[in-house]
Amino acid sequence: MTVADIKIDKTSAGLAVFEQRIALLESRLAEVEDNQPEDKVSMVVFSGELDKVLAAFVIATGAAAVGQEVSMFFTFWGLNALKKQSKLAGKNVFEKMMGVMSPAGTEQLPVSKMNYFGVGAKMLRKMMKDKNVASLEEMMELARELGVKMVACEMSKDVMGIRDEELIDGLESGGVASFLGDSLTSKASLFI
Amino acid sequence: MTVADIKIDKTSAGLAVFEQRIALLESRLAEVEDNQPEDKVSMVVFSGELDKVLAAFVIATGAAAVGQEVSMFFTFWGLNALKKQSKLAGKNVFEKMMGVMSPAGTEQLPVSKMNYFGVGAKMLRKMMKDKNVASLEEMMELARELGVKMVACEMSKDVMGIRDEELIDGLESGGVASFLGDSLTSKASLFI
Amino acid sequence: MTVADIKIDKTSAGLAVFEQRIALLESRLAEVEDNQPEDKVSMVVFSGELDKVLAAFVIATGAAAVGQEVSMFFTFWGLNALKKQSKLAGKNVFEKMMGVMSPAGTEQLPVSKMNYFGVGAKMLRKMMKDKNVASLEEMMELARELGVKMVACEMSKDVMGIRDEELIDGLESGGVASFLGDSLTSKASLFI
């Protein structure tokens, strides 16, 4: 159908139909715009192994570098990556056992495969250094500088007996609702 | 350009261009609306470890609680979380070996780290109880009440020799197409 | 409000407001369309275990079969799934150790659970064969035929000392930006 074939009602009633259709388009489009994902990447960092945490930070810093907002939600073993150092005072026996079996800080994170008495993690660090790949500590520092949001899972801190003072500074604290708030408005969500 | 500067063709032909542009907007917007993700979260639960299955249900119930439709696709070891009890009759030798090595039901799920003869899982349960965190069984019950869809992977049931009667009630059965159907219309998809 | 109630300004100035509103809708809708996810599924294949790699290819081929563009980014241990055979010549001592401890090619991939001297992987292969489920090698071949894009992570190749000639043919090479480029325009992104 060409423009010439379109019958137009030039009366007020006819033009009022235009008005109605435009107004409807405006409200529908506003709803679609509200529902659009933002330029954002969200991840749950569940694993506490050096290689997986490293992969998480490579993706996080890469996403931040291309202009994405990035939100990392550290839960369960992933919290170990955020530890400053081990503190056992003032914990109950289960919390102490958990503390002894969990590594403290990124220097002690195991590798998910071939973790023979820590040799796997050391080897990976050595190889990364030989190849001039940034270490996890450098990645975390870069992530902070790039404005990556890091959230420590409240429930995990509570269950695993981890105190805020054991964790590095600059973290937010939140629950699953915090992760979902970010994830549901993100272009990509990853469980690592 | 202000409204006063816009040149308007008030003839039928001029108004017909309005009609065309509005109609085109309507069809384009309808297509965008069809392509919008729904208020939905999908996950593949591949792992059968207590901590990961627990994390899956925390996210699932959290998402359902904030009004998201939730779909969980249990495959491979994740199916173990859905088992009622171990049944070895009527299976071939490989299926029996798989059954012996796979835990039956959520009470027997190992923890992904530090699973020293099951002490890790017991400890995690004890700590969760001390902290009044819902157990996996309570989470699963809550998930059902919140209308979370749980799908048992057909191929995995077949390969691992798991019969429907070994699994808890109320499950749907489906393949990868079922997962994809949910995932491609979801705001977030996770592989756990 | 019915059409009859709408007051219409039939002057040029009145119609110019229509023109403006339509033009604004057109530009806003174009922006929304640009921001729409494509019919695409992206995944990071981080794990090198037979069961997880298999799950990745089941999802990848399933998604391709229903018309999705599929992009798989193989990194860390996931690269092992793409190996042809082990080659140790010309590597430094760390790279050699990594090579010895990493499996070569899909026939040697361990299973993430119950990998008793490889018996788990053999059993899974045997059960899959008994049940006429496609093997990983068949899945990979199918994925190629369906046009699934497979990208080998450059940083991982470098850190783990893997040469291109050790990997199967037809792979692309890329970094995290390559994954993000696909993931941010995908309907679903998975970290496996």
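Residue numbers (our numbering), protein chains in the order written: chain A, 1 to 192; chain B, 1001 to 1192; chain C, 2001 to 2192.
Backbone N, C-alpha and C fix where the C-beta goes; we use that ideal spot for every residue, glycine too.
Owing to the predicted nature of the structure, the values given are computational and were not obtained by experimental measurement.
Proximity below 8 Å, CB of residue i to CB of residue j
i, j, result
"E154/A", "S183/A", "no"
"L167/A", "E1026/B", "no"
"L1146/B", "A1064/B", "yes"
"A2134/C", "L2142/C", "yes"
Spatial neighbours of residue i in its chain, beta-carbon cut-off 7 Å, leaving aside the 5 residues before and after
i, result
"A1056/B", "M1043, V1045, M1072 and I1192"
"R144/A", "G170"
"A2177/C", "none"
"I2162/C", "L2079"
Candidates the options, of which the one nearest residue i by Cα
i, options, result
"D1164/B", "K1083/B, S1135/B and E1038/B", "K1083/B"
"G2175/C", "D2158/C, Q2036/C, A2134/C and R2021/C", "D2158/C"
"S47/A", "F76/A, E138/A and L136/A", "F76/A"
"S156/A", "L79/A, L29/A and S186/A", "L79/A"
"S186/A", "S2135/C, A2152/C and Q2036/C", "Q2036/C"
C-alpha gap between residue i and residue j, whole angstroms
i, j, result
"V66/A", "T11/A", "52 Å"
"V41/A", "I59/A", "9 Å"
"V53/A", "M150/A", "13 Å"
"V2148/C", "F2074/C", "13 Å"
"M1140/B", "M160/A", "22 Å"
"A1013/B", "T61/A", "55 Å"
"A1081/B", "L2050/C", "21 Å"
"V70/A", "Q1068/B", "22 Å"
"D1009/B", "A23/A", "21 Å"
"E2019/C", "L2029/C", "15 Å"
"A1016/B", "R2021/C", "16 Å"
"V1032/B", "V2032/C", "8 Å"
Burial state of residue i, where buried means 16 or more other Cβ atoms lie within 10 Å
i, result
"D2034/C", "exposed"
"E38/A", "exposed"
Residues near residue i by beta carbon distance below 8 Å, same chain, minus five either side
i, result
"L1180/B", "none"
6 Å Cβ shell around residue i - same chain, five flanking residues per side excluded
i, result
"A2188/C", "V2041"
"K2087/C", "Note that K2087/C has pLDDT 48, beneath the 50 cutoff, so the model's placement of it is unreliable and no number is given."
8 Å Cβ cutoff, residue i in contact with chain E
i, result
"S12/A", "Of the protein chains in this structure, namely A, B and C, none is chain E."
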